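Taking it in order: structure first as structure tokens, then the write-up.
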Amino acid sequence: MGARFSYNSGRSRRHDSARTEPSDDTVYVEDIEVDDDVPSDAGRRSRPDDEVPAGDGFDAGVTDEGEDPDYFACGVDPQDYDSTSDTMMEVREPIMRWWHGFQQHGVGRFIMEHTSIIRSAAEPDNERGLMVLWAPMLVVLLPLTILPLLLRGAWGAVVAVPAGLALVVGLFLAAAFWLAWKDDPQRVADALNTRPGFMTGHEVAHAYGPRQLVKRAPRFLPRTAARRKGKKLPLLPWDAGVLMGRSHGVEVWSTVEQPLYTVAPARMGKTRNFVLPLVLGAPGPVITTSTRRDVVDQTRAMRESGWVGPDGSRHRGGRCWVFDPMAVARGNPKHTLNWSPIDGCEDPHIARQRAADLMGTTGLSGDNETWKNVGGLIVQALLHAAALKPGGSLEDVYQWSRSFSAAQQAARILESAATDPAYKGLRDKGLIATDWNMELEELKVDDPRMKGNKWFSVSQAFAALTEPNVRRALSVAHDDPDRFKIADFLRSHDTIYMLCPFRNADGEGPAGIGTFVSMFLTAVVEEARRQAASSVGMGKLEPPVALILDEIANIDQWGMLPQVVTAGSGDGIWCTSIYQSRSQARARYGDDTEREMWDSSQKWMLGGVSNTADLREVSDLLGTRQIRRQEISHQGMKIEYGHVMERIEDKPVLSVDEARRIPEDMGLYLSGRNRAAVVNLIPPERRGWKPLGKRKDR
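Its first residue numbered 1, the sequence shown is counted upward by one per residue in the UniProt record's numbering.
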């Protein structure tokens, strides 16, 4: 059996094998889209978009004729086809570069913003796009070519010949542009940039522009505004937000007043166009998570030194820390964050919370739920004892967890602490130490089976510590003077890069390093809330701490994330959670909780999303637009001008297929009551930022 491949170079069409030649009395109805779109009503529902236009491609079939599998039915050798494709790409790329640059200048921007030429030609269902591009040239140059010749003056040829040449050249260039542009992603971008139903340039400036951001900033950054006013300095937009891109030539800033919920599939420009600008542009301290080292490599130098923009604006730097116990970066950069999960566990509340985090990774459920709860009581006692021991660290906890006999050392520490007057005076901790010590003392009298079941759950909780590198990285003494101090970090412009491998697909199994990422994030949030409660003014951190949580769903199910998203902004915690799809977030946190996070956030969506339900919800959220169509009936070659019907048709502002095909350098931005904005994202290399030089610690 040989495989026959046929190449379909045009748009997919339907054919009827029984079709006959038309007779003279056949009536055709032709839809002509008139270029006078009317805005849609705000409350109008979107019509479902069930039809996705077919695209170009290869149609593969199987034949029993025994041909060579490499045979192409169109008669083109594969090598010749590859060469032809390369040639077409070489021609297309400079044309598209020229077109992109042309749009940035006055004439190109005027054509995009104030004429319907590109809007009409870019519509995906418009098969007469070339005629739309030719029409302005024909209207202007064709009369200059014909009228002088009709007047038969000597000067007619002088005018007609150059006009005719210009017309021919113009038509040729327009045709060449059309061939390069019609199947290029730039056409999709131009269609979205000119589409009625999205925010206009005036709306973008009023909602997301730098002036409006500065105008609103004193409401949520009162201390920063007062400090700037006292120094007779203006409040600047990068004090209150991050520049993301441009829409209709207007800068689009995301405010730190509200969290960001981002849907960005892999390999769709997420890191380059979204994560890097957020890390570099955040106005205060930054914590960012990732499963790869690329963010560290591309932002660390400028986060340390600070940077200066092309307009002279300066962004101060700070110290950079790396959390990488599993050596995701292969030791370059090395793990430098001297923090231990024991830090803070002298407080029984924190010890209980971290024990619950560890037990949540054991995978014990159902009939084993009881042993999970009992194991949690033992784990919290071990953590608390290590925090009370002078020089205690996670290494002590690991050694105690290896056997119940070794855990008796922790029992003695708790017994001693229970009788310590200084300890007993702190919120009745003496009673807590006594109760928790009893959990360890009971191990002496338990029967072997009961003892084994209890200790199995404890050993599972500390399974990640069997890796020596992890244990070494996290075994920092809780009283070490050089340990990382979260309180100081929140008052700085420092940066923490948290690198972690993917967790298990089912989210269970032995405790992974992601658990310790969640513990650290929780510790930061708790300290931020303490500082916010004690601060003057609105009771929040200024500038806010930015949590840029890329791949957070693949690292760990951080239980505090929903609370931080829905309420963290009031404490000065600016959270950006990034998911490959909304269904990924639903799988981690449930439908209702994910919906709360979605509703509470500024929403960004990049291209490449393939979940139809998510795409349809976005399409419905954007509403509809109205277009006017004319239907002209004609019989044979004769047009019956009396049979012209005009109708208004509802179409989605953004169809499901168009939402999936958003180009790489673009994003869809929805916030509050505003209409959606199509934003041309600006990666760092196109911003003109330059390092300030050697960092000066403040």
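For every residue, glycine included, the Cβ atom is placed at its ideal position computed from N, Cα and C. Bear in mind the structure is a predicted one, so any value in this text is a computation, not a measurement.
Where does D68 fall in DSSP's three states?
Residue placement at D68 cannot be trusted, given a pLDDT of 43 that sits under 50; what the coordinates show is reported in the next sentence. Three-state result, D68: coil.
Using C-beta distances below 7 angstroms, list every residue in its chain close to V565, excluding the 5 sequence neighbours before and after it, in chain order.
P259, C575, S577, M597, S600 and S601
Inter-residue spacing [alpha-carbon to alpha-carbon] between Y398 and E203:
58 angstroms
Distance CB(T362)-CB(W604) smaller than 9 angstroms
No, the pair does not count as a contact, with Cβ atoms beyond the cut-off.
Rounded C-alpha distance that separates S475 from A386:
11 angstroms
Taking contact to mean at least 3 C-beta pairs separated by less than 8 angstroms, is the region 184 to 198 in contact with the region 120 to 129?
yes
Boundaries (first-last residue) of the beta strand (DSSP E) holding I486
Counting along the chain, I486 falls outside any beta strand (DSSP E), though it belongs to the alpha helix (DSSP H) covering I486 to F489.
Under 9 angstroms between the Cβ atoms of L606 and G269?
yes
To which residues of the same chain is R460 closer than 6 angstroms at the C-beta, ignoring the five residues directly before and after it?
Looking at the sequence itself, residue 460 is Gln, so the reference to Arg does not match. So the list reads T362, once near-sequence residues are dropped.
Could you name the residues of the same chain whose beta carbon sits closer than 7 angstroms to that of V379, not counting the 5 residues immediately before and after it, in chain order?
A distance below 7 angstroms between beta-carbons, with the five flanking residues on each side excluded, links V379 to the following residues of its chain, in chain order: A355, L358, M359, V458 and A461.
The region 553 to 570 contacting the region 247 to 255, beta-carbon criterion three pairs below 8 angstroms
no
Which term fits K215, buried or exposed, when burial requires 16 or more other beta carbons within 10 angstroms of its beta carbon?
exposed
Specify whether the region 318 to 330 and the region 290 to 304 touch according to this definition: at least 3 beta carbon pairs, one from each stretch, less than 8 angstroms apart.
yes
Can you give me the C-alpha to C-alpha distance between V656 and V609, rounded to a whole angstrom?
10 angstroms
Run of the alpha helix (DSSP H) containing W251, from where it starts to where it stops:
Rather than Trp, the amino acid found at residue 251 in this sequence is Glu. Looking at the DSSP string, E251 is not in any alpha helix (DSSP H); the run it does join, the beta strand (DSSP E), is V250 to T255.
Does DSSP put S416 in a helix, in a strand, or in coil?
helix
Excluding the 5 residues flanking D25 on each side, which residues of the same chain have their C-beta closer than 6 angstroms to its C-beta?
For D25, the predicted structure reports a pLDDT of 39, less than 50, and the residue's modelled location is therefore unreliable. A value from the coordinates is still provided. If we look at D25 and ignore the five residues flanking it on each side, it has no Cβ neighbours.
What is the residue span of the beta strand (DSSP E) that I578 lies within?
I573 to Y579
Of all the options I627, G667 and S671, which has the alpha carbon lying nearest to the alpha carbon of P652?
Of I627, G667 and S671, the residue nearest in Cα terms is I627.
Please determine, among S569, L490 and H493, the residue with the shortest C-alpha to C-alpha distance to V256.
When only C-alpha atoms are compared, the closest one is S569.
Secondary structure, alpha helix (DSSP H): runs of 4+ residues fully inside the region 194 to 265
If we require 4 residues or more, the alpha helix (DSSP H) runs fully inside the region 194 to 265 come out as 201 to 208, 210 to 220 and 222 to 230.
Quick check: is any heavy atom of the ligand NAD less than 8 angstroms from the C-beta of V214?
Absence of the ligand NAD is noted for the structure shown, with no ligands found whatsoever.
E685 classed as buried or exposed, judged by whether at least 16 other C-beta atoms fall within 10 angstroms:
exposed
Could you compute how far the alpha carbon of S619 sits from the alpha carbon of A301?
40 angstroms
With 16 as the cutoff for other CB atoms within 10 Å, does E93 come out buried or exposed?
Residue environment for E93: exposed (fewer than 16 other C-beta atoms within 10 angstroms of its C-beta).
Please classify T612 as buried or exposed, where buried requires at least 16 neighbouring CB atoms within 10 angstroms.
If you draw a 10 Å sphere on the C-beta of T612, you find fewer than 16 other C-beta atoms in it, and that means exposed.
Inter-residue CB distance, L138 and A174 (contact presumed, cutoff 8 angstroms)
In fact, because the Cβ distance is near 10 angstroms, the residues do not count as touching under 8 angstroms.
Roughly how many angstroms separate the alpha carbons of G101 and T200, rounded to a whole number?
Roughly 21 angstroms separates the two Cα atoms.
Touch check for the region 102 to 118 and the region 165 to 185: three-plus C-beta pairs under 8 angstroms?
no
When burial is assigned at 16 or more other CB atoms within 10 Å of the CB, is T522 buried or exposed?
buried
Secondary structure at V34, three-state DSSP: helix, strand or coil?
Reliability of the predicted coordinates at V34 is poor, the pLDDT of 40 falling under 50, and the value obtained from them is presented with this limitation in mind. Correct three-state label for V34: strand.
For the region 314 to 402, list the beta strand (DSSP E) runs that are entirely contained and at least 3 residues long, ordered along the chain.
320 to 323
Assumed close pair L668, V678 - CB separation to whole angstroms, cut-off 8 angstroms
6 angstroms
In angstroms with no decimal places, state the Cα-to-Cα distance between I342 and R109.
59 angstroms
Closest to E395 by C-alpha separation, out of R673, R412 and R472, would be which residue?
Shortest Cα-Cα distance from E395 to any of R673, R412 and R472 involves R472.
Local conformation of I682 per DSSP, three classes
DSSP places I682 in coil when its eight states are reduced to three.
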